[in-house]
Amino acid sequence: MASTAHFNKADAQKTPPLPLLPVDNEDSELTILLKSYLKTKDIHKIWDAYRFSEEAHHGQSRRSGEPYIVHPVAVACTLARLHLDAPTILAALLHDVVEDTTVTTKEIEKKFGKQVSVLVDGLSKLDKIEFQDATEAQAENFRKMLLAMSNDVRVILVKLADRLHNMQTLDVLRPEKQKRIAQETHDIYAPIANRLGLNTIYQELEDLSFKHLYPMRYRAIQKAMKASRGNRREVVEKITAAIQQKLTEMKMEAEVTGREKNTYSIYKKMSEKGMSFAQINDIYAFRIIVKEANDAYSALGALHALYKPLPGKFKDYIAIPKANGYQSLHTSLFGPFGTPIEVQIRSEKMHKLAEAGVAAHWLYKTKDAHLTELQQQTHQWLKRLLEIQSDSSDSLEFLEHLKVDLFPDEVYVFTPKGKILALPKGSTAVDFAYAVHSDVGNCCVAAKYNQELVPLRAEVHNGDHIEIITAPLAKPNPAWLNFVITGKARSHIRQYLKSIESEESSRLGEGMLNQALKALHISPSSIKESHWKKLISDYGVKNKEDILAEIGLGRRMNVMVAHQLISFMDGVSHEKGKHKQLDVITIKGSESMAIQLASCCHPIPGDPILGFINKDKGLVVHTHDCLAIRKFKLDPDKWLDVEWDPNPDRLFKVNLQIMVLNERGMLAKISSVIAESDSNIDNVNVEESDGGHFVNVNFIVQVHNRIHLADLMRNLRKITNISRISRVKMKTF
1 MASTAHFNKA
11 DAQKTPPLPL
21 LPVDNEDSEL
31 TILLKSYLKT
41 KDIHKIWDAY
51 RFSEEAHHGQ
61 SRRSGEPYIV
71 HPVAVACTLA
81 RLHLDAPTIL
91 AALLHDVVED
101 TTVTTKEIEK
111 KFGKQVSVLV
121 DGLSKLDKIE
131 FQDATEAQAE
141 NFRKMLLAMS
151 NDVRVILVKL
161 ADRLHNMQTL
171 DVLRPEKQKR
181 IAQETHDIYA
191 PIANRLGLNT
201 IYQELEDLSF
211 KHLYPMRYRA
221 IQKAMKASRG
231 NRREVVEKIT
241 AAIQQKLTEM
251 KMEAEVTGRE
261 KNTYSIYKKM
271 SEKGMSFAQI
281 NDIYAFRIIV
291 KEANDAYSAL
301 GALHALYKPL
311 PGKFKDYIAI
321 PKANGYQSLH
331 TSLFGPFGTP
341 IEVQIRSEKM
351 HKLAEAGVAA
361 HWLYKTKDAH
371 LTELQQQTHQ
381 WLKRLLEIQS
391 DSSDSLEFLE
401 HLKVDLFPDE
411 VYVFTPKGKI
421 LALPKGSTAV
431 DFAYAVHSDV
441 GNCCVAAKYN
451 QELVPLRAEV
461 HNGDHIEIIT
471 APLAKPNPAW
481 LNFVITGKAR
491 SHIRQYLKSI
501 ESEESSRLGE
511 GMLNQALKAL
521 HISPSSIKES
531 HWKKLISDYG
541 VKNKEDILAE
551 IGLGRRMNVM
561 VAHQLISFMD
571 GVSHEKGKHK
581 QLDVITIKGS
591 ESMAIQLASC
601 CHPIPGDPIL
611 GFINKDKGLV
621 VHTHDCLAIR
631 KFKLDPDKWL
641 DVEWDPNPDR
651 LFKVNLQIMV
661 LNERGMLAKI
671 SSVIAESDSN
681 IDNVNVEESD
691 GGHFVNVNFI
701 VQVHNRIHLA
711 DLMRNLRKIT
721 NISRISRVKM
731 KTF
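Mapping to the UniProt record's numbering: the sequence shown position 627 is 627, numbers consecutive.
Structure, rendered in structure tokens:
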């Protein structure tokens with residue numbers, strides 16, 4: 001079978017000029033596009049939406065001076081080229097009327113249906129909510145967009161088409177605004193288009209972002225490409241003809257195309273490899289489109305017989321598709337004259353998917369709809385974003401997770417059951433555990449890669465068989481945040497830590513508030529729900545627990561809150577001049593977040609202690625003679641009376657310094673006595689003294705209380721050649 005060939009110039013994929021005719025004209029561009037796949041009744045409804053939108057936007061114009069209606073029509077044309085359904089085209093024409101005119105979503109629902117109004121609402125900006133700054137508003141906008149998209153992917157398709165036209169007409173804005181919008185497009189919108197497989201939109205967004213972020217570099221590369229086009233055309237045509245001939249000999253029916261790479265991809269290659277434009281030979285890529293998937297492998301064999309493949313430069317995305325559903329064979333070859341060439345081989349169905357992604361075989365979810373494998377993958381990704389969104393406490397944190405999730409250089413690993421999971425490059429065992437399930441991540445304690453135990457921070461690699469070992473009582477470790485890279489893992493770990501901190505801070509705050517109330521001769525039980533509701537309203541917080549947590553973290557004074565609560569009570573009198581000693585807070589030592597034992601003095605049960613309210617750490621317990629707190633003793637409002645629980649439920653760290661004769665076996669003797677005294681060694685460090693005969697051995701040991709420490713020191717003094725033992729309160733190592 002004869003194959004066909006043609007050469008595409010750089011502008012072949014650019015969006016055609018905007019329509020000048022009204023949409024409800026048979027010869028308008030949008031109508032011509034719609035006629036190719038929609039029914040007449042749907043087209044008439046779209047005409048109605050066009051007239052409705054034109055009337056709503058009447059008198060409004062864009063910065064360029066064009067009537068505003070040009071913008072929604074351009075967005076609709078982009079989506080019509082992707083053959084999106086009628087509700088999506090309707091939403092595209094109406095997407096700005098709620099934001100920019102007096103029209104409401106209810107009016108849209110009444111005239112065009114619930115489905116269209118939901119899409120338009122998902123696209124509306126958050127202009128009615130006040131934010132602290134523009135950055136937070138921007139993050140919240142992305143958050144709402146993605147939340148809406150997780151229920152209906154058409155929202156993001158309209159949003160991407162909207163952003164594409166805004167980028168195409170960006171020249172009329174101020175340079176600083178051009179750069180801000182271009183950076184936003186490069187960081188968020190282009191990667192989303194890539195993630196959804198919208199290749200044409202993705203490449204145009206990348207090029208337009210590059211054009212406005214680095215205009216001089218863009219113009220220089222464009223000029224160089226134009227100048228070299230004539231010289232390189234002969235090479236491209238020769239390679240195309242050679243590939244055609246080889247496939248014809250193999251009796252394969254295929255379409256061969258040579259295309260210029262987009263400007264940004266050439267710039268990226270120049271930057272990464274430190275090369276000039278003249279040094280880059282492969283600015284053209286070749287594509288072979290065959291009938292079926294099996295033909296792709298046959299074509300690959302023919303190519304490798306024609307030109308030698310470059311080692312390590314073959315990728316099989318047919319066997320293992322990309323996360324966005326993209327399938328193709330990629331190979332790099334030594335072409336004629338030693339020119340490296342890149343070739344993609346795919347079937348017609350794969351090509352359609354590669355160009356239009358999730359929109360290539362659009363099927364809206366209904367009760368009877370069968371989702372294709374690509375749509376299932378897309379919805380899984382959107383569902384993961386929704387999980388991250390619900391676990392993130394604020395918009396900026398969500399945006400951070402989102403950016404991580406949008407730039408995956410993926411590796412593929414196997415679960416114990418043989419399922420393939422795609423993870424971003426650099427992922428660890430903890431990232432894998434959370435990718436399997438949040439409960440697996442929360443309870444993981446160890447991991448096996450290919451049957452060998454590895455640390456949880458170990459990176460995963462292509463082809464690893466990974467097994468996660470869990471324990472029912474295990475909990476996320478704050479240290480995991482230092483090495484996990486996926487948004488899902490980070491958000492779940494942070495969510496857990498915040499919930500623990502909030503619970504403990506609330507408990508501490510409640511105890512501190514009760515102290516203050518009793519000191520004012522008010523029983524905590526006399527504070528009614530109505531008093532709390534009034535205080536919650538005055539403070540502008542969500543609930544009582546938020547106020548208690550702020551007290552526990554030192555952000556509100558317990559005495560001030562007590563006075564405000566009492567002021568809401570009718571008929572309450574307290575005798576002037578009478579003051580009751582505040583109840584003492586009991587310290588068990590097992591508190592982790594809201595109550596902390598100071599690392600400077602390592603207090604243990606039996607030590608006289610004081611509680612210092614730290615704004616960021618909650619209540620920090622010090623020994624009463626700790627040098628680190630002397631400067632704060634003049635500020636009594638920050639101190640609380642605390643005492644040890646009579647039966648603490650843990651061991652406590654103590655610094656011991658032992659001066660001992662430097663002889664063989666001495667460290668072993670000391671360690672043995674510490675173990676026999678029912679104590680543990682947490683850390684040890686040896687320092688030579690000035691004379692050289694004696695050394696200082698610094699231990700951090702774990703004891704139950706001061707009595708246990710005294711017994712331990714007494715037993716250590718029995719060892720011959722120990723010169724001195726002392727507890728050090730201000731030394732850490």
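Just so you know, even glycine gets a beta-carbon here, dropped at the ideal spot from N, CA and C.
Which residues in the same chain as N211 place their Cβ atom closer than 6 Å to its Cβ, once the five residues preceding and following it in sequence are excluded?
Position 211 of the sequence shown holds residue 211. First, the amino acid is wrong: residue 211 is Lys here, not Asn. By the criterion of a C-beta distance shorter than 6 Å, K211 is surrounded in its chain by Y218, once the five residues flanking it on both sides are discounted.
From what residue to what residue does the beta strand (DSSP E) around I345 run?
Counting from one through the sequence shown, the residue named residue 345 turns up at place 345. Per DSSP, the unbroken beta strand (DSSP E) holding I345 starts and ends at 340-347.
Through-space distance from V343 to I292, alpha-carbon basis
For the purposes of this step, residue 292 is identified with residue 292 of the sequence shown, where counting begins at 1. For the purposes of this step, residue 343 is identified with residue 343 of the sequence shown, where counting begins at 1. A small fix is needed here, since residue 292 is Glu in this sequence, not Ile. If I take the Cα positions, the gap works out to 17 Å.
If you compare alpha carbons, which of I681, I595, V654 is closest to L667?
Residue 667 sits at position 667 when you count from the first residue of the sequence shown. Among I681, I595, V654, the Cα nearest to that of L667 is on I681.
Thinking C-alpha only, which one of I46, P478, F414, P605 is nearest W644?
By one-based count along the sequence shown, residue 644 stands at place 644. Ranking I46, P478, F414, P605 by Cα distance to W644 puts P605 first.
Would you check if the segment 544-557 and the segment 529-536 touch, i.e. whether three or more CB-CB distances between them fall below 8 Å?
Short answer: they touch.
Length at least 4, wholly inside the segment 426-504: the alpha helix (DSSP H) runs in chain order:
You should have 429-436, 438-442.
Beta-carbon within less than 8 Å of V158's beta-carbon, same chain only, minus the 5 sequence neighbours each way: which residues are those?
Looking up residue 158 in the sequence shown gives position 158. Within the same chain, Cβ atoms closer than 8 Å to the Cβ of V158 are found at V75, L79, T88, A91, A92, H95, L119, L123, the five residues on either side in sequence being excluded.
Of the listed residues A516, H58, V413, nearest to I320 (C-alpha basis)
Counting from 1 along the sequence shown, the entry for residue 320 is found at position 320. When C-alpha distances from I320 are compared across A516, H58, V413, the shortest belongs to V413.
Would you report the Cα separation of L610 and V460, rounded to the nearest angstrom?
Stepping through the sequence shown from its first residue, residue 610 is reached at position 610. Stepping through the sequence shown from its first residue, residue 460 is reached at position 460. Distance between the alpha carbons of L610 and V460 is about 47 Å.
Inspect the beta-carbon positions of Y449 and D464 and report whether they are closer than 8 Å.
As a working mapping, residue 449 is identified with position 449 in the sequence shown. As a working mapping, residue 464 is identified with position 464 in the sequence shown. Yes. Within cutoff.
Considering just the uninterrupted stretch of the alpha helix (DSSP H) at residue 737, what are its terminal residues?
In this structure the chain extends from 1 to 733, so residue 737 is not present and cannot be described.
Excluding the five sequence neighbours on either side, which residues of its own chain have a C-beta within less than 6 Å of the C-beta of S502, listed in chain order?
Your numbering for residue 502 matches position 502 in the sequence shown. The answer, listed in chain order, is A549.
Let me check understanding here. Comparing Cα to Cα, which of P603, D649, L213, P191 lies closest to A628?
Taking the sequence shown and counting its residues from 1, the one referred to as residue 628 is at position 628. It is P603.
L371: buried (16+ other C-beta within 10 angstroms of its C-beta) or exposed?
Position 371 of the sequence shown, counted from the start, is the residue given in the question as residue 371. For L371, the pLDDT reaches just 46, beneath the cut-off of 50, and the residue's location in the model is therefore unreliable, although a value from the coordinates is still provided. Answer is exposed; the Cβ neighbour count stays below 16.
If you run the structure through DSSP and keep just helix, strand and coil, what is S526?
Within the sequence shown, residue 526 is the residue found at index 526, counting from 1. Looking at S526 - three-state DSSP - the assignment turns out to be helix.
Given a threshold of 16 other Cβ atoms within 10 Å of its Cβ, counted over all protein chains shown, does Y37 qualify as buried or as exposed?
Here residue 37 refers to the residue found at position 37 when the sequence shown is read from its first residue. With fewer than 16 neighbouring CB atoms inside 10 Å of its own CB, Y37 falls in the exposed class.
Can you list, in chain order, the stretches of the alpha helix (DSSP H) that have 4 or more residues and sit fully within the segment 214-257?
Correct list: 215-249.
For V413, list the residues DSSP reports as bridge partners.
Position 413 of the sequence shown, counting from 1, holds the residue named residue 413. Residue pairing by DSSP places V413 opposite L421 in a beta bridge.
Leaving out five residues before and five after V684 in sequence, what residues of the same chain have Cβ atoms less than 6 Å from its Cβ?
As a working mapping, residue 684 is identified with position 684 in the sequence shown. Within the same chain, V684 has close Cβ partners F699.
Taking DSSP as the reference, what is the three-state secondary structure of L610?
Here residue 610 refers to the residue found at position 610 of the sequence shown. In this structure, L610 counts as strand in the three-state DSSP scheme.
Range covered by the beta strand (DSSP E) that runs through I108
For the purposes of this step, residue 108 is taken as the residue at position 108 of the sequence shown. I108 -> not in any beta strand (DSSP E); alpha helix (DSSP H) instead, spanning 105-112.
Do Q222 and T263 have their CB atoms nearer than 8 Å?
By one-based count along the sequence shown, residue 222 stands at place 222. By one-based count along the sequence shown, residue 263 stands at place 263. Yes. Within cutoff.
Please work out which residues of its chain come closer than 6 Å, Cβ to Cβ, to T366, disregarding the five sequence neighbours upstream and downstream, and give them in chain order.
By one-based count along the sequence shown, residue 366 stands at place 366. Only weak support exists for where T366 lies, its pLDDT of 40 falling under 50; the value from the coordinates is given anyway. Nothing listed; no residue qualifies.
Please name the residue or residues paired with F210 in a DSSP beta bridge.
As a first step, residue 210 must be located in the sequence shown, where it is residue number 210. Paired residues: none, contrary to the question.
May I have the straight-line CA-CA distance separating A710 from H704, to the nearest angstrom?
Residue numbering aside, residue 710 sits at position 710 when the sequence shown is read from its first letter. Residue numbering aside, residue 704 sits at position 704 when the sequence shown is read from its first letter. One C-alpha to the other measures close to 11 Å.
In the DSSP assignment, find the alpha helix (DSSP H) that holds L310 and state where it starts and stops.
For the purposes of this step, residue 310 is identified with residue 310 of the sequence shown, where counting begins at 1. First-last for L310: 308-316, but that is the beta strand (DSSP E), not the alpha helix (DSSP H).
Whose CA, out of K41, T415, R714, L712, lies closest to the CA of E467?
Against the sequence shown, residue 467 aligns to sequence position 467. Among K41, T415, R714, L712, the Cα nearest to that of E467 belongs to T415.
Curious, which full-length alpha helix (DSSP H) runs of at least 4 residues does the segment 534-570 contain?
List check, alpha helix (DSSP H) in window: 544-552, 558-567.
With a cut-off of 8 Å on the beta carbons, I'd call D329 and A296 a contact; round off their distance for me.
Counted from its first residue, the sequence shown places residue 329 at position 329. Counted from its first residue, the sequence shown places residue 296 at position 296. For clarity, residue 329 is Leu in the given sequence; the question names Asp instead. Right, the Cβ-Cβ distance comes to about 5 Å (below 8 Å), so this counts as a contact.
Assign I283 to one of three DSSP states: helix, strand, or coil.
In the sequence shown, residue 283 corresponds to position 283, counting from 1. I283: coil per DSSP, three-state reduction.
Measuring CB atoms only, is the segment 418-427 touching the segment 479-499, in the sense that at least three cross pairs come out at less than 8 Å?
Segments in contact, yes.
Checking 8 Å against the spacing of the C-beta atoms, do A190 and E206 come in under that value?
Within the sequence shown, the letter at position 190 stands for residue 190. Within the sequence shown, the letter at position 206 stands for residue 206. Contact: yes.
Please state whether DSSP places E663 in a helix, a strand or coil.
Position 663 of the sequence shown, counting from 1, holds the residue named residue 663. It is coil, neither helix nor strand.
Might you give, ordered along the chain, the residues of its own chain that have their beta carbon closer than 6 Å to the beta carbon of S671, omitting 5 neighbours on each side?
Mapped onto the sequence shown, residue 671 falls at position 671. The beta carbon of S671 sits closer than 6 Å to no other beta carbon from its chain once the five residues preceding and following it are set aside.
Where do the ends of the alpha helix (DSSP H) carrying Q178 lie?
In the sequence shown, the residue the question calls residue 178 occupies position 178. From DSSP, the alpha helix (DSSP H) with Q178 extends over 175-184.
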